[in-house]
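Here is the structure we will look at, set down as structure tokens.
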Amino acid sequence: MIKKFLILITVVFSSLSYAQQGSSSPYSFYGIGSLKFKGTVENQSMGGLSVYSDSIHINLRNPASYAGKNLKSFNNEAKPVKYTIGGSHSDIKLSSSSQTAESSTTSVDYLALAFPLGKFGAGFGLLPYSSVGYKLQSTDSDGAIQYKYRGEGGLNKVFLGVGYQLTNDFRLGVDASYNFGNIKNTNIAFGYNSEGGLLQYQSRESNRSDLGGFTYNFGLIFSKLIKSNFEVTASATYSPSSEITSANSRIYSTIVIDPISQQEFTINTSEIDLSDLNLETTTLTLPSKTSFGFGVGTPRKWFAGVEYTFLKASQFSNRLLTIDNATYEDASTLSLGGFYIPKYDSFNRYWKRIVYRTGIRFEDTGLRINNEDIKEFGISFGVGLPVGRIFSNANVGFEIGTRGVDTANLVKENFIKFQVSLSLNDRWFEKRKFN
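Each residue of the sequence shown is one higher than the last, beginning at 37 in the working numbering.
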């Protein structure tokens, strides 16, 4: 088991740079990029629902889930050590009032491990917080290119959480995350002569922000078995607003662009002293986040729940990058979903042990552009396939949804997202029955 643990740690750190890329949305142009969902494939397959928590899956959204009762199958002596890794691939169709385009992204979405410590439980891992990835251009009334924009990077977080089993029915927990990463934005301004011909030299502005800072998340879970086959669960999480530091740089360049390959050749550069503008080091405010969830079900059989998340996005600020036509208002998400298991202990019929999941979500991102609210909608489906021994499984999920609008000079995204993860369980420090 120690070997598996070391392999997981190696994968975590070798994936730091790769996990930072994960968006091709034009809406990642704003703020610190598109916020990534902090949750597993199991959560996403139920519309983002995270109120449900058990002893064999990691719940990344609520640190109280790291604590839990010992399992009867382990002679009431322990809980399993849990590993998980997940990734996704998205195909996106972009459409405006006059044009269409397609793009796709593939990314590692999370790596995590959770292990029991008596009444306590702990978990740690790595996942992206936001992702930037876009290529945009604006034209004048004659179709001539005025500006080209591109961006890449994002914010990642490495976290450590602890949960405690306060009573048989009540758990609480907290996790601390260190957020780090960088965002690069480039803006090319095209110049034309009096006859409308493109000038030989163009101007390019390049901005880079290196980000770092801590955030915290508090959670609680209440779960009560009303009858032998009926359980009620409620959960809540709260992340207070926090500030992260941004070390910024800006370079202006004169460039020549190859008309065929579009490759850029730099003629000269000039680095701007941002300290004169009081922008060399700035602070970004990450907004507070609150969620409440409620669900009912039969243990190891079915579950249905609802969850509401409120993000005070109006608190977000970034002094380095201000855009006149874009503002942030408070955001919210409503998730409904659940799962069904035909017969979890039917070891002679594999398909009866498969977990079937589905859900739906409605999200107001809080981003408002050209007086239009940018909203998301998604319908998700998924299955959990038992693999190996004990309670390990492979999870596969799909989500079909939309983001934005194709009016007011904006872009509508229709996306299909395919997700896959491994949720592995094993025992460490197993007591010997025989010497």
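The C-beta atom is built at its ideal place from N, Cα and C for all residues, glycine as well.
Cβ neighbour criterion (16 or more within 10 Å) applied to residue i
i, result
"Gln80", "buried"
"Ile224", "buried"
"Lys115", "buried"
"Ser457", "buried"
"Ala367", "buried"
"Asn480", "Outside the shown range of the chain (37 to 471) lies residue 480, about which nothing can therefore be said."
"Glu138", "exposed"
"Asn445", "exposed"
"Gly232", "exposed"
"Phe413", "exposed"
"Asp211", "buried"
"Asn361", "exposed"
"Asn221", "buried"
"Arg61", "The sequence as given places Ser at residue 61; Arg does not occur at that position. It counts as buried."
"His125", "exposed"
"Arg207", "buried"
"Gly402", "buried"
"Lys105", "exposed"
Inter-residue spacing [alpha-carbon to alpha-carbon] between residue i and residue j
i, j, result
"Ser327", "Tyr344", "6 Å"
"Thr22", "Pro295", "Nothing about residue 22 can be read from this structure; the chain reaches only from 37 to 471."
"Leu149", "Ser101", "12 Å"
"Phe427", "Glu78", "14 Å"
"Phe454", "Ile308", "43 Å"
"Ile287", "Val168", "20 Å"
"Ala349", "Glu365", "6 Å"
"Asn204", "Asp90", "14 Å"
"Tyr170", "Gly187", "5 Å"
"Tyr183", "Gly161", "40 Å"
"Gly424", "Gly437", "33 Å"
"Ser285", "Asn314", "12 Å"
"Thr281", "Gly69", "16 Å"
"Asn384", "Thr120", "26 Å"
"Ile359", "Asp409", "15 Å"
"Lys448", "Asn407", "15 Å"
"Ile377", "Gly420", "9 Å"
"Asn229", "Asp178", "15 Å"
"Leu96", "Ala180", "47 Å"
"Phe375", "Met82", "7 Å"
As assigned by DSSP and simplified to three states, the class of residue i
i, result
"Lys64", "Note that residue 64 is Ser in the sequence shown, not Lys. Correct three-state label for Ser64: helix."
"Tyr54", "In this prediction, Tyr54 scores a pLDDT of 43, lower than 50, which makes its location untrustworthy; the coordinate-derived value is nonetheless stated afterwards. Residue state, collapsed to three classes: helix."
"Asp294", "coil"
"Asp309", "coil"
"Lys193", "strand"
"Arg20", "This structure cannot speak to residue 20, because the chain is shown only from 37 to 471."
"Gln299", "coil"
"Ser91", "coil"
"Pro99", "helix"
"Ser174", "strand"
"Asn79", "helix"
"Ser166", "strand"
"Ser476", "Only positions 37 to 471 of the chain appear in the structure, and residue 476 is not among them; the question remains open."
"Ala349", "helix"
"Thr46", "At Thr46, the pLDDT of 46 sits below 50, so the modelled position is not reliable and the matter cannot be decided from this model."
"Glu279", "strand"
"Phe413", "strand"
"Ser285", "strand"
"Ser70", "strand"
"Leu85", "coil"
"Ile405", "strand"
"Met37", "Because the pLDDT of Met37 is 45, which lies under 50, any placement of that residue in the model is unreliable, and the number read from its coordinates should be weighed accordingly. Of the three classes helix, strand and coil, the one that applies to Met37 here is coil, per DSSP."
"Ile396", "strand"
"Phe254", "strand"
"Lys453", "strand"
According to DSSP, residues forming a beta bridge with residue i
i, result
"Ile4", "Coverage of the chain is limited to positions 37 through 471, which leaves residue 4 absent and any answer about it impossible."
"Gln238", "Ile291"
"Ser131", "Thr136 and Lys448"
"Trp338", "Thr334 and Tyr376"
"Ile121", "Leu147 and Leu458"
"Glu343", "Gly329 and Ser371"
"Gly199", "Gly157 and Gly209"
"Thr216", "The sequence given here places Phe at residue 216; Thr does not occur at that position. Phe216 pairs with Asn192 and Gly248."
"Asn429", "Pro422 and Ser459"
"Val268", "Lys260 and Val332"
"Leu320", "Ile280"
Residue j beta carbon less than 9 Å from that of residue i
i, j, result
"Lys129", "Leu163", "no"
"Thr319", "Glu267", "no"
"Ser166", "Leu71", "yes"
"Gly122", "Val144", "yes"
"Ser371", "Thr321", "no"
"Asp381", "Arg389", "yes"
"Gly84", "Gly395", "yes"
"Ser278", "Gly255", "no"
"Ser324", "Ser275", "yes"
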